[in-house]
Structure formats: C-alpha cells, structure tokens
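First up is the structure itself, then whatever we jot down about it.
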Amino acid sequence: MSTKTKKSQYNFQAIETKWRSHWEQENTYQTLGPGNPGFDDNKPKCYILDMFPYPSGAGLHIGHPKGYIASDIYSRYKRMQGFNVLHPMGFDSFGLPAEQYAIEHNIHPATVTEQNIDAMRSQLQFLGLSFDWTREVVTSQTSYYGWTQWIFAQLFDSYFDTGEVWEDGNGRQIKGRAKPIADLEAQFAAGRALSATDRQVLGTDTAWSALTTAQQQAVLNNYRLAYQQEAVVNWCPGLGTVLANEEVTNEGRSERGDFPVYRKPLRQWTMRITAYAERLLEDLDFELEDRNGAPFRLDWPEPIKRMQRNWIGRSEGAEVSFDVLDPQSDAVAGQLPVFTTRPDTLFGATFMAIAPQHPLVDPAGEAYLVPNAWPEETPEPWKGGGDSIREAVAQYVAQVAVSTADETKEKTGIFSGIYARNPVNEQKIPIFVADYVSMDYGAGAIMAVPAHDERDFAFATAYNLDIIKVVTGEEGRVEGWYAGEGTAINSPPVLKADGSPPRRGGDNPYTINGLATVEAKAQIINALVAQGRGQAEVNYKLRDWTFARQRYWGEPFPLATHPDGYSVAVEPPVVLPDLEDFRPETSDDPTQPVSPPLHRAGTEWTTVEIDGVACQRELNVMPQWAGSCWYYLRFIDPHNEEVFCDPAKEGYFMPVDLYIGGAEHAVLHLLYARFWHKALYDLGHVSTPEPFKKLFNQGMMTADAFQDERGVYIDIREVEFRDGEPVEKGTGKVLRRSFGKMGKRYKNGLPPEEVGEEFGVDTLRLYEMYMGPLEASAPWSMEGIRGMQRFLQRVWRNFVDSDRR
RNA sequence: GCCGGGGUGGCGGAAUUGGUAGACGCGGUGGACUUAAAAUCCACUGUCCGCUUAGGACGUGCCGGUUCGAGUCCGGCCCUCGGCACCA
C-alpha cells in the first residue's frame, strides 16, 4: 500500500488514540461545583446520570454501552449549549453478582472486584465517553460504604410520624414525616401512652420511666424506619441467604442463580418502606419543586410509573369486623376483622376464609378456637378427610406451608369448625382455612362473596356453599359470578325465600338496596362506622423491605447487640473484616439454620465495646441495593470526608435531570432509591422530594444465539454460515439458531474493543445510535455496521482529507 | 386472567398536526475502476400485471367505520414482546 493511499484513509485508530489520551491528560470532562476554584455560578447545571454497572468478570459487551453512548451525546450537547454538566460514572460492586463470581473463580471478592473494575473502566474509557472520572465512586470501598452505613444509621435513628401534616420548604403540604427517634422517646418520657401493639410487645402496661432500657428499646424498635422484625421471609438455602420479595421470581426461585426459595419465619432487619407507600405513589404524578422553587414533575416512561403504582398496589375499601362465635356456646368469642374492596356486597358473604397462618388456627396462640370435634352438621367434603378436626386442620396448615410459592390452580381449604356472624344480617357463616388467602395482605382473612368474586365462586362451587347475588350488573354474568359494578339488591332481601317478610324488616341500618355500587359502598361504610363494626380503609400490596443478607460481600450494619438484647448504633465506618473463608453456607436443605459468614471473623471483630459494655456486632450485611440507593448524591461530592454530600453542592446539582438505564430496575432500585431519598428529605439532608426528574429506558440489544445439539451455547465468534446454515467453525456441527437478549449466558455478545478496533469506536457509537429508536430493542448486525463505517470514511474524504490536498 | 408496549419491503427502520408510504442504512442485481481481488464510485431494487416502453392494479397484522383523503382517527378481532399474577 502506498503512502499516498494510506494518508487518504480514514485512520480512526490514530484519531481516537490521540483524543482519548488528550481528554485523559487534560481532564477535559472534569466538572466544577460550588466550592471548587474556577466554578462559574452563572452557568445553568445539568445532571446526566447513567445507571452504574456492577463489575462482572465478563466485562461489558456491545449491548451495555447503548445507554452510555446516548447519555454521552446528550452531555456533549448540553456542554456545547453552555450548561455545567455533571456526568459521572462509578461501580456498584457489593452484592451477589460480584460474590458469586468470586466463589466460582475461587478468588477473594475484593481482588475480583478490583480487577473487574479496572477492566471495565478501560472499556468505558476506550469508548470515548465523557465521564468525569475524578468523581468515580465504588460502593465497596470504605470511603463510600461508611456513608451508606451513616444513612442506615439515620434510618435506624428515625421513626415515621404518620399523623404529622407539614409543609416543605416550598409550601407543599405533606402527610407523614420521618423524625428523630429521640423525639418519640421524649414523648414517651413525657407521658405519651403506649399503643395496644406496644403493650402487646411488652406484655406489660407500666409507665415509660418504669420500663427497663431493653423494654423501652423493644417499643422503639416498632417505630424505627430500620427495625427488626420476626417475619416470614424468602429463605434461599441455595444462596445461603434471605431475599427481598422483589428478588424472587414468579416460579418461587431466586432471581440470581435460580435456586428454590422457601418461606421461613426469621428475625430480620427490615426497612419500613410501607410508611412511604402513599407518598411514593403520589409523587409519581404531583408537581414538585426543587430548592429554588422551580417546578418539576417526574418525566418517566408511563409504563414504569404504572409498574411502580401496581407494585405499591393501593386499594380502597373497608375493614369490617365479624363476630367469631365460640364453637361450644355460640357466644361471641372474639372479632375477625377482614379487608374488602366491596363492602357493598356484605349481604352476599356466605362464608369466610382465613390464611393458614391465621392465629385462629394456630394451636400455640391464644386466639386458637378450633373445637375438639367436627360440628354435627359438617358436610364430609369440608373435613378434608381427617378424623380428628384439630389434627385435620393442623395437617392441612402444614401441607400448605410446605408447598412452594408457585400457584396451584385448584383452590383448597378445610372447615375450621368455627363460625362467624355477619354483622349486616346476623347470619352464622362457616370459617374455612384456605390456601388462596395470604396472611400478609389485609387482615389475613376475607369475607367470601361467591356471587361477585371469581375465587370465592370457585371455592363455593367446590365446597357446595351458598351463592347469593347482591349486585345486578348491566353486563351479563361471567360463568356464574359478576365482579363489576351495578345496583345493590337483596341487601337485605326484601322477602325471604318462602315469601315471608325478612327477619329484620325494613329497619336494617345497613340497607343499601337500589343504590349504585359507589353510593352503596359509602352508605354501608357509614353504617359500619355508626355501629362500630368497621371503617373505611386503604391497603397496599407493598411490603416492608427485608434488608439483611447472610452473605459476606456487603456493607456491615453499623449496629451491635447489647447483652440485654437490644440493638445499639456503632459509629460508622464499620469496616468489613478481611475473611479468608468468605463463602456462604449454602445447602439444598430448607431446614438448614441461617448462618452469616461474618461469624467467622473472630471475637476481636465480632465484639465491640460501647459505653464500656461488650456488645456483639450485627453479622448480617446489607443487600446489594443499598449502595445504589444514594450513589447519585455521592457523585456530587465524592471525596468529602466530613459529610455524605455537601448541602451547597447538593442543592446546586439535584435533582438528576436525566437518568438513563434499563427497564429491569423499574420496581427494585428505583423504588428503594426514592424511599431513601424521601427519608433523607424529611430529615433535611437533601433538598428535593424526588431524586430523578427524567427517566429514560434504553431498549435492550438483541442478537442471534447458537446452541449445539446438547443445548450448549456456542460463542458467536465460533459460528460460521455454510449454505445459510449456522455451523461451528472447528467441528462443522450444525447449530440451532435462536433470537433474544444479548448476554453472557447466551454467548452472543461481543466485547466493544473487538468491534471498536476493527471498525473504529466512532463507527460503533454511530451504529448503535442508528439502529433505531433508543427506547426500542434492536438486533445487532455485523453487516449493518459497515454502512456507518462507509459514512464516516466519506465524511473524512470529502471534508478532512480534501483540505490537505 | 389483568395491565402496558408493538405489528410498515428480503432485513434494521423513516413518515412533526390525517395530505406523494417505504427516507436513511443493510442486503441484492447490474455497471465503472483494477492484471485480479479488496476498497471505492454509479445505477436499479415494495408486490403483481405489462415483451420492452408507456402505463396500470394492489399494498402499513385482519375485518369494518369516519373522511375529499387513513400507517396515522373510531369500533371489533388476531399475533407478538414486556410486567403483574390467588392482593380480597
């Protein structure tokens, strides 16, 4: 090749190498903020953030940078428009992915993480992305996670004052607020009465001052935003840890690793995210303001907002209290509260169903009411085949508990031998234990209205229970039940079945006949309130967030247990001890005891002296989401050793103007981060009620994948085409082609360097943007990229090279 | 089952408010340059009818509607991708 031809070639390698090193040496993309010398306060700011990656051993493939390229283009555009652009990058390095990789390759997670971060950083720099690398944060570094622990400590030291209605700095009224737990403690000391739950926890009703510290702490635990709770958790012995609901798949398996997950009661650190359910829901749509009073509304893709709304799952209805009758005497033995969204169908309630874990059928509990023998008139099918009723019920409960989380289509149940009385018509109705009722939603019990609910209908049909129609719909019934709105009838029945007048005549206070569903609901709730049998209630599907993991590679809790059994705060940072044996204790056996690896750290670490008392450190670690809940704040002030983020800088840069990342974080990261942010907002540590103003989900990169006859994926670089048939290069074996997401496990991704070196990074970047709309998924094509290369070559020849001649 | 996104050439995809459907790119065909190849450049490339030309018909998942005019608006369906799933 002659020198002349070479010169006229578009030499992307020379160009890209030159500018990469120039940008690096000059720190071209370093961003200044308040307090930095040379900072220009007159420039408007723009905070452009990417969801930071976790450093996996496989490194990045060409699908990953799609969002980074887009945010880079936007950042450069805003800089040219005169904005002070904050565009940082870091690594989410604690958590299961890094630890699983370390286990598989038998290297310490700290070593693996460091190696992987270095490799990924070079990959990102190779792509010419204009990140300010001086602001890099790594969530597994003590200088970072010390502040994660500090935020945890804020949550531990706070409670949610549900009743408080307050105005934020911009005059917006907000209901409920996180406040220092010391305030609550002071109220108790000043004579605030303990709640019923508090007294139940204590088992005593003495004055606050007369309680021991341990008793006081037991009460306060029930108010803290980070608290300990005995709850049924998702126990995954295959990973040796418990998981959040969000980390368990529909099939009842772990999102990571695909191990079976079992339900297990365990005392766990938990985040009171449910306290924020209403605000997390409202602020998806409200017009908000930043510190300067500039209005903003969350500009998020509607499907993501909808997913968050569904996840929070607000539903309005009523709590109704049914009398529970003593099986021997028929006297009122207690109350069975239920939650219903359709109080207007109370007259159609012909039986009740309670969760298998319900106290009424727990032999160890005080509320246990299952009689010694089946009531005389009990139909055979209700008995579930058992002889002794107590045995049969216990057996049923045990059997349901063993079955995994996945759904069985058939609804099953067993008669508890107990009856309840419907408050609106005084009717005696049977209480069933049923597997379609879950303990952790509503009251763990339902009133069943078979005529107007699909599940109740199926159950009533199977067990031959009464079906009474109390709503007429304009639409026809669907297979015997109708769940839509309509007009109330038979509420109460005008005439009894035999034509005689109804039992209670027309003076029934619950009468709603002829009313449309909406009015009927309101009317009957009023009546329930007047009779002291219930009230309007709102329920949420959202559960509190199980926050502890029995793993090694995570943030240790800044907590220890006092010899008297209560938790005390430990000053952060609590450094993760260097354990040689970091492996979790995994097993196939769901009954294996839970045992966090940090118990091997030795007493010099596990014991800590606080106020002269030797306390035991908390041995669990935080879940992988902890670090990503606030990294966007640390980017603003990454090297500050005094505070987690300087308020002046925070006020200048927040909120994040554009947040780009995948839709897979719609309900996990994005909900957790909003929750932490709101708690920090209440406590005065951040200036905006929401962290991310505009959210954009880039579509995923798809590609062909190839499997041999055993189903093993073959790396796409080992595949060639013969007569249009995909075959493995070495063996010539014919392969099966499938199409889907690009990923490590499908071996259908290419490292960006490989493509960049062959075609040029600018060509790669241009092609990724050219493939179609950013939000849509697009298939990678090795042919398509050539068009972009030709384009850049033409640009070079026509505009640059021609100048030289 | 419920909620949401999406169906346009051989392929990726364009078409701002209802106004020439298929921009741009890939692939394909033919040609130029070259000893040859690569690279590059030029032309053509929705389908069908028409020998060629001239021209014509059809065409945005399916059926119907509104309109002078529909990929775009309305009603009903089909397929596909994603989320949720006994939530009372």
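All residue numbers for the first sequence refer to our numbering, where the first residue is 2 and numbers rise by one.
Idealized CB from N, CA, C, for every residue including glycine.
Nothing here was measured: the structure is a model prediction, and the numbers come from that model.
Contact defined as beta carbons within less than 8 Å: I believe residue i pairs with residue j. What is the distance between those atoms, to the nearest angstrom?
{"i": "Leu226", "j": "Phe161", "result": "6 Å"}
{"i": "Ile790", "j": "Lys67", "result": "Strictly speaking, residue 790 in this sequence is Gln, with Ile absent from that position. Incorrect: roughly 18 Å between the Cβ atoms, too far for contact."}
{"i": "Arg51", "j": "Met81", "result": "Correcting the residue type first, residue 51 is Asp in the shown sequence and not Arg. Actually they are not in contact, since the Cβ atoms of Asp51 and Met81 sit about 19 Å apart, beyond 8 Å."}
{"i": "Gly445", "j": "Gln358", "result": "7 Å"}
{"i": "Asp300", "j": "Lys694", "result": "6 Å"}
{"i": "Val362", "j": "Val398", "result": "6 Å"}
{"i": "Glu755", "j": "Leu289", "result": "Their Cβ separation, rounded to whole angstroms, is 45 Å, which puts Glu755 and Leu289 out of contact at 8 Å."}
{"i": "Leu671", "j": "Ala71", "result": "Actually they do not touch by this definition, with Cβ atoms about 18 Å apart."}
{"i": "Gln101", "j": "Gly258", "result": "7 Å"}
{"i": "Ile468", "j": "Ala461", "result": "6 Å"}
{"i": "Pro45", "j": "Phe92", "result": "With 8 Å as the limit, Pro45 and Phe92 do not qualify as a contact, their Cβ atoms being about 29 Å apart."}
{"i": "Pro328", "j": "Gly386", "result": "In fact, because the Cβ distance is near 20 Å, the residues do not count as touching under 8 Å."}
{"i": "Val434", "j": "Ile490", "result": "31 Å between Cβ atoms; not a contact."}
{"i": "Thr18", "j": "Gly628", "result": "The pair is not a contact, with the Cβ atoms about 34 Å apart (cut-off 8 Å)."}
Looking only at its chain, what residues have a beta carbon closer than 6 Å to the beta carbon of residue i, apart from the 5 residues adjacent to it on each side?
{"i": "Ala103", "result": "Pro110 and Val113"}
{"i": "Ser778", "result": "Gly700, Met701 and Thr703"}
{"i": "Arg237", "result": "The sequence shown places Cys at residue 237, rather than the Arg named in the question. If we look at Cys237 and ignore the five residues flanking it on each side, its Cβ neighbours are Leu244, Ser255, Phe260 and Val262."}
{"i": "Val325", "result": "Ala334, Gly335, Leu337 and Ala421"}
{"i": "Gln31", "result": "Asp133 and Thr135"}
{"i": "Val249", "result": "Asn235 and Val262"}
{"i": "Ile786", "result": "Phe760 and Tyr768"}
{"i": "Val576", "result": "Thr143"}
{"i": "Asp871", "result": "In the structure as shown, the chain starts at 2 and stops at 806, and residue 871 therefore has no counterpart that could be examined."}
{"i": "Val1", "result": "The displayed coordinates of the chain run from 2 to 806. Any statement about residue 1 would go beyond what the structure contains."}
Restricting to Cα atoms, I'd like to know which of the options is closest to residue i.
{"i": "Tyr768", "options": "Trp781, Glu665 and Glu758", "result": "Trp781"}
{"i": "Gly86", "options": "Phe40, Ile108 and Gln10", "result": "Per the sequence presented here, residue 86 reads as Val, with Gly not at that position. The option with the nearest alpha carbon to Val86 is Phe40."}
{"i": "Gly810", "options": "Ala120, Lys748 and Glu279", "result": "The question about residue 810 has no answer, for the chain in this structure spans 2 to 806."}
{"i": "Asn311", "options": "Leu543, Tyr48, Cys616 and Ala449", "result": "Leu543"}
{"i": "Met655", "options": "Trp631, Glu642, Arg200 and Ile469", "result": "Trp631"}
{"i": "Arg372", "options": "Asp331, Ile447 and Glu755", "result": "Residue identity check: residue 372 is Pro in the sequence provided, not Arg. Residue Asp331 is the option with its Cα nearest to Pro372."}
{"i": "Glu427", "options": "Tyr437, Pro510 and Pro564", "result": "Pro510"}
{"i": "Tyr48", "options": "Glu605, Gly58, Val657 and Met623", "result": "Val657"}
{"i": "Tyr145", "options": "Gln126, Leu793, Pro639 and Ala528", "result": "Pro639"}
{"i": "Thr29", "options": "His88, Pro35, Asn43 and Asp42", "result": "His88"}
{"i": "Pro564", "options": "Thr608, Gln14 and Glu726", "result": "Thr608"}
{"i": "Phe676", "options": "Ser22, Phe153 and Glu105", "result": "Phe153"}
{"i": "Thr604", "options": "Ala561, Ala570, Asp590 and Pro585", "result": "Ala561"}
{"i": "Pro380", "options": "Ile355, Ile447, Gly60 and Tyr464", "result": "Tyr464"}
{"i": "Ile182", "options": "Leu212, Trp151 and Tyr224", "result": "Tyr224"}
{"i": "Tyr1", "options": "Glu572, Glu619 and Phe792", "result": "Outside the shown range of the chain (2 to 806) lies residue 1, about which nothing can therefore be said."}
{"i": "Phe1", "options": "Gln174, Asp589 and Leu156", "result": "As displayed, the chain neither begins before 2 nor continues past 806, which places residue 1 out of reach and without an answer."}
{"i": "Thr518", "options": "Ser123, Thr149, Pro624 and Glu486", "result": "Glu486"}
{"i": "Arg264", "options": "Met121, Asn171 and Gln593", "result": "Gln593"}
{"i": "Ile108", "options": "Asn491, Asp579 and Gly733", "result": "Asp579"}
{"i": "Ile63", "options": "Arg298, Thr732, Trp797 and Lys748", "result": "Lys748"}
Using a Cβ-Cβ cutoff of less than 8 Å, which residues in the same chain neighbour residue i once the five nearest sequence positions on both sides are dropped?
{"i": "Leu195", "result": "Phe189, Leu203, Asp206, Trp209 and Val220"}
{"i": "Gln536", "result": "Ala319, Glu320, Ile526, Leu529 and Val530"}
{"i": "Pro364", "result": "Val371, Arg391 and Ala395"}
Going by beta carbon distance, what residues of the same chain come within less than 7 Å of residue i, once the five residues before and after it are set aside?
{"i": "Asn621", "result": "Trp270, Ala549, Arg550, Gln551, Phe558 and Pro597"}
{"i": "Thr346", "result": "Val450, His453, Val471 and Val472"}
{"i": "Ile1", "result": "Missing from the structure shown is residue 1; the chain here goes from 2 to 806 and no further."}
{"i": "Thr587", "result": "Pro238, Gly239, Leu240 and Gly241"}
{"i": "Val668", "result": "Glu247, Met308, Gln309 and Trp312"}
{"i": "Ser3", "result": "Because the pLDDT at Ser3 is just 33, under 50, the model does not fix this residue reliably, and the value given afterwards should be weighed accordingly. Around Ser3: no qualifying Cβ."}
Answer yes if the segment 256 to 276 comes into contact with the segment 303 to 311, meaning at least three C-beta pairs across the two stretches below 8 Å, and no otherwise.
Of all C-beta pairs linking the segment 303 to 311 to the segment 256 to 276, fewer than three are shorter than 8 Å, placing the two stretches out of contact.
Entirely enclosed alpha helix (DSSP H) segments - the segment 208 to 244, minimum 4 residues:
With a minimum length of 4 residues, the continuous alpha helix (DSSP H) runs that stay inside the segment 208 to 244 are 214 to 222.
Within the segment 132 to 214, note down every full beta strand (DSSP E) run reaching 3 residues or more, in order along the chain.
For the segment 132 to 214, whole beta strand (DSSP E) runs of length 3 or above, ordered along the chain, are 159 to 168 and 174 to 181.
Contact between the segment 669 to 689 and the segment 637 to 654: three or more CB pairs below 8 Å?
Contact holds: three or more Cβ-Cβ distances are below 8 Å.
Enumerated in chain order, which unbroken segments of the alpha helix (DSSP H) with a length of 4 residues or greater are wholly contained in the segment 382 to 463?
390 to 403, all fully within the segment 382 to 463.
Three or more C-beta pairs under 8 Å: does that hold for the segment 705 to 716 against the segment 733 to 753?
Yes, they touch.
Write down every uninterrupted run of the alpha helix (DSSP H) in the segment 578 to 661 whose length is 4 residues or greater and which is fully enclosed by it, in chain order.
Within the segment 578 to 661, the complete alpha helix (DSSP H) runs of at least 4 residues are 604 to 607, 632 to 635 and 648 to 654.
Start-end ranges of the beta strand (DSSP E) lying completely within the segment 535 to 578, minimum 3 residues:
Qualifying beta strand (DSSP E) stretches, in chain order: 535 to 541, 560 to 562 and 568 to 570.
Can you check the segment 777 to 802 for any beta strand (DSSP E) of at least 3 residues that lies completely inside it and give the ranges in chain order?
Runs of the beta strand (DSSP E) lying entirely within the segment 777 to 802 and spanning at least 3 residues: none are present.
Suppose only complete runs of 4+ residues qualify. What are the alpha helix (DSSP H) ranges in the segment 38 to 109, listed by chain order?
The segment 38 to 109 is shown to contain whole alpha helix (DSSP H) runs of 4 or more residues at 66 to 81 and 97 to 106, in chain order.
At 3 residues or longer, and completely inside the segment 244 to 294: list those beta strand (DSSP E) runs for me, N to C.
Listed in chain order, they are 263 to 272.
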